[in-house]
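So the structure is just underneath, and the comments pick up after that.
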DNA sequence: CGATTTGTTGTAATTTAATTACAGCATAAG
DNA sequence: CTTATGCTGTAATTAAATTACAACAAATCG
């Protein structure tokens, strides 16, 4: 929890004077970090030791340390203490909030993701005979994106967003095949079934899903992203972005494992698109 | 440019002692922000005024101010000054770098995006008779994701990743229809054609693409995301995440414009999925 | 209803940290 | 070899933050 959020959440436990300090800081955080304790005390109309006590109450070593923490909270420009979109937000507010909450979600995802599992997943993927990406609903687009990436590596890769096709594909899988099942909740029944079928047929099943979910139990390897989802909107937003970044990481790990010679191959794929595009120089006029 | 990057880039203009200071700071930035000028001077084996002069050279007001800037640079935990993935990076390094570069990309996207255009795009979308999302290649998955979101709003929405279908759909469009064309480069010939066709048929064309690209010229409204793409990997990564966030923003703007009654409808859509899922309580054992 | 205790706040003293002024030294140019 | 320019450190100064303590307010208990 950053200092700004901490101030908001513990505002009830503050004394009268401390609340005055909190109000001033929340109103002009940017000014606060460039003020001395004397200036801030004057703004809040309290004494300097009160400001100091306020800082200590927030588990900082003192005023300078508090400013450091505050600066970090503000690093992303965070003008909105509350990142949840609200009814009365205008375009500027909700745009900023969505960017910020997405970045915050990626930050927690980064801290929580298990590097070891990523490494093992990359291992498995590089040795795969065939890679299949399965997702339903919102996760289907993540699966498509994964296909688009891994397809460039010139490995056999398929992607299905249709349970019948997924089922048939899972039944036909065998030892050496890798099936990647994508689901935010990990509680989509059909996908759990498919993971189980794939496992029964000796495929390695990687789950990009919630830890300790039904789907997770069916997987050989679970890449969990416990991202705090903003449920106000009833749509998966931040979680899906985190999933995509995870795909990027797996794809990057894959290319690095394959070595630099392989990377030239990637460039070839990219260059092959040139014919379908307008040249850049054509449009500098 | 953040302070850390600034130090790296101006390392040549430093004097011998200043470079010693730079080395110590770059090696332990986290320790630096919790040190006094005396402690840092000792670590770098220079005098205190040298440290102070070093700070001034970096356009900060002095040592405390420098620490503030440094704290902000480190806010995202940035241990990697260079965010580009390199050959010799291990799983820990490339995972962190990809998360960081994605977050950095979102941050620049946020700063550069034009709120006014977003607002107009939301206007247009809320009044649309029908919404179509078109994308090819990597952008196809973004289009799919957009469809998944807008579909929940109970508005007529289609998504095509096939040029023939896109073309037919564009030809059949008419006044009041909105076509959203997604392309990072904005130079995919087929998509430019389709945008032109849609426009000729009086549809409103929103482009999620590069500003000043061939596609942008064919659009009624251009949502540009000039995100610095890490081209080392020859894959669209950060740019596509930014596009998705933009979709989230448009979808959010849409729901807010429609009011709170409409939001209950969203909840209904989400609840409708319940039957296809395992209940949470079933798996707490 | 008054006395005592607990907690909050500000004043003044102290300590700590940062900055400035200046002098010595090294390096490079004339 | 001499002079000038620039870099670096010592010591003095100034600014800032913290601590100790006293006064006051509020609440609790007899």
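Residue numbers (UniProt numbering), protein chains in the order written: chain B, 1 to 285; chain W, 1 to 285. Glycine included, every Cβ here is placed at the ideal spot set by N, Cα and C. None of these values were measured; they are calculated from a predicted model.
Where residue i meets chain B, residues with beta-carbon distance less than 8 Å
{"i": "residue 206 of chain W", "result": "Here the premise fails: no neighbours, minimum Cβ distance about 15 Å."}
{"i": "residue 141 of chain W", "result": "141, 142, 144, 145 and 148"}
Integer-rounded CB distance, given that residue j should sit under 8 Å from residue i
{"i": "residue 178 of chain W", "j": "residue 240 of chain W", "result": "Actually they are not in contact, since the Cβ atoms of residue 178 of chain W and residue 240 of chain W sit about 22 Å apart, beyond 8 Å."}
{"i": "residue 140 of chain W", "j": "residue 144 of chain B", "result": "7 Å"}
{"i": "residue 46 of chain W", "j": "residue 10 of chain W", "result": "With a Cβ gap of about 17 Å, residue 46 of chain W and residue 10 of chain W do not count as contacting."}
{"i": "residue 297 of chain W", "j": "residue 146 of chain W", "result": "Limits of chain W in this structure are 1 at one end and 285 at the other, which puts residue 297 of chain W out of reach."}
{"i": "residue 150 of chain W", "j": "residue 251 of chain W", "result": "6 Å"}
{"i": "residue 175 of chain W", "j": "residue 202 of chain W", "result": "4 Å"}
{"i": "residue 6 of chain B", "j": "residue 70 of chain B", "result": "Actually they are not in contact, since the Cβ atoms of residue 6 of chain B and residue 70 of chain B sit about 10 Å apart, beyond 8 Å."}
{"i": "residue 103 of chain B", "j": "residue 107 of chain W", "result": "7 Å"}
{"i": "residue 204 of chain B", "j": "residue 124 of chain B", "result": "5 Å"}
Listed by chain order, chain W residues near residue i by CB distance under 7 Å
{"i": "residue 168 of chain B", "result": "Here the premise fails: no neighbours, minimum Cβ distance about 19 Å."}
{"i": "residue 67 of chain B", "result": "68"}
{"i": "residue 334 of chain B", "result": "There is no way to answer for residue 334 of chain B, as the model of chain B reaches only from 1 to 285."}
{"i": "residue 33 of chain B", "result": "68"}
{"i": "residue 71 of chain B", "result": "68, 71 and 72"}
Paired residues, beta bridge with residue i - DSSP
{"i": "residue 74 of chain W", "result": "The partner list for residue 74 of chain W (beta bridge, DSSP) is empty, contrary to what the question assumes."}
{"i": "residue 133 of chain B", "result": "B/159 and B/180"}
{"i": "residue 222 of chain W", "result": "W/207"}
Selection from the options that minimises the alpha carbon distance to residue i
{"i": "residue 237 of chain B", "options": "B/18, B/184 and B/198", "result": "B/184"}
{"i": "residue 220 of chain B", "options": "B/151, B/256 and B/180", "result": "B/180"}
{"i": "residue 197 of chain B", "options": "B/213, B/190, B/174 and B/170", "result": "B/170"}
{"i": "residue 164 of chain W", "options": "W/194, W/182 and W/186", "result": "W/194"}
{"i": "residue 63 of chain B", "options": "B/97, B/85 and B/39", "result": "B/39"}
{"i": "residue 95 of chain B", "options": "W/249, W/257 and W/41", "result": "W/249"}
{"i": "residue 130 of chain B", "options": "B/113, B/154 and B/60", "result": "B/154"}
{"i": "residue 135 of chain B", "options": "B/191, B/41 and B/48", "result": "B/191"}
{"i": "residue 253 of chain B", "options": "W/86, W/257, W/255 and W/243", "result": "W/86"}
{"i": "residue 99 of chain B", "options": "B/84, B/109 and B/59", "result": "B/84"}
{"i": "residue 225 of chain W", "options": "W/109, W/199, W/132 and W/123", "result": "W/109"}
{"i": "residue 243 of chain B", "options": "B/56, B/255, B/222 and B/66", "result": "B/222"}
{"i": "residue 36 of chain W", "options": "B/255, B/68, B/26 and B/24", "result": "B/68"}
{"i": "residue 90 of chain B", "options": "W/204, W/61, W/122 and W/107", "result": "W/122"}
{"i": "residue 73 of chain W", "options": "W/49, W/30 and W/51", "result": "W/30"}
{"i": "residue 189 of chain W", "options": "W/172, W/204, W/173 and W/167", "result": "W/167"}
{"i": "residue 247 of chain B", "options": "B/127, B/103, B/51 and B/119", "result": "B/119"}
{"i": "residue 173 of chain W", "options": "W/157, W/53 and W/138", "result": "W/157"}
{"i": "residue 2 of chain W", "options": "B/88, B/28 and B/75", "result": "B/75"}
{"i": "residue 152 of chain W", "options": "B/148, B/159, B/117 and B/137", "result": "B/137"}
{"i": "residue 54 of chain W", "options": "W/133, W/93 and W/14", "result": "W/14"}
Limits of the unbroken beta strand (DSSP E) element including residue i
{"i": "residue 213 of chain B", "result": "Note, residue 213 of chain B: premise wrong, no beta strand (DSSP E); not H, not E."}
{"i": "residue 205 of chain W", "result": "204-208"}
Where the alpha helix (DSSP H) containing residue i begins and where it ends
{"i": "residue 122 of chain B", "result": "115-126"}
{"i": "residue 91 of chain W", "result": "91-112"}
{"i": "residue 23 of chain B", "result": "16-27"}
{"i": "residue 12 of chain W", "result": "Premise fails: residue 12 of chain W is in no alpha helix (DSSP H) and is neither H nor E."}
{"i": "residue 53 of chain B", "result": "48-57"}
{"i": "residue 253 of chain B", "result": "238-258"}
{"i": "residue 145 of chain W", "result": "138-151"}
{"i": "residue 37 of chain W", "result": "37-44"}
Residues that residue i contacts on chain B, provided the C-beta gap is smaller than 9 Å
{"i": "residue 211 of chain W", "result": "Near residue 211 of chain W there are no residues of chain B at all, since even the closest Cβ is about 12 Å away, more than 9 Å."}
Residues that residue i contacts on chain B, provided the C-beta gap is smaller than 7 Å
{"i": "residue 245 of chain W", "result": "98, 99, 102 and 241"}
{"i": "residue 351 of chain W", "result": "Residue 351 of chain W lies beyond the stretch modelled for chain W, which goes from 1 to 285, so this question has no answer here."}
{"i": "residue 126 of chain W", "result": "Neighbours of residue 126 of chain W on chain B: none; closest Cβ ~12 Å, over 7 Å."}
{"i": "residue 92 of chain W", "result": "115"}
{"i": "residue 119 of chain W", "result": "91"}
{"i": "residue 199 of chain W", "result": "Those do not exist, as residue 199 of chain W stays about 17 Å from chain B at its closest Cβ, beyond 7 Å."}
{"i": "residue 156 of chain W", "result": "The contacting residues do not exist; residue 156 of chain W stays about 18 Å from chain B at best."}
Residue i: contacting residues in chain W (beta-carbon distance under 8 Å)
{"i": "residue 203 of chain B", "result": "In chain order: nothing, as chain W lies at least about 22 Å away."}
{"i": "residue 85 of chain B", "result": "252 and 256"}
{"i": "residue 7 of chain B", "result": "Near residue 7 of chain B there are no residues of chain W at all, since even the closest Cβ is about 17 Å away, more than 8 Å."}
{"i": "residue 56 of chain B", "result": "Result: empty, since nearest Cβ-Cβ is about 16 Å, beyond 8 Å."}
Under 9 Å by beta carbon: chain W residues contacting residue i
{"i": "residue 138 of chain B", "result": "145, 148 and 149"}
{"i": "residue 113 of chain B", "result": "95 and 99"}
{"i": "residue 64 of chain B", "result": "64 and 67"}
{"i": "residue 19 of chain B", "result": "Those within 9 Å of residue 19 of chain B in chain W number zero; the least Cβ separation is about 25 Å."}
{"i": "residue 53 of chain B", "result": "What residue 53 of chain B touches in chain W: nothing, since even the nearest Cβ is about 21 Å away."}
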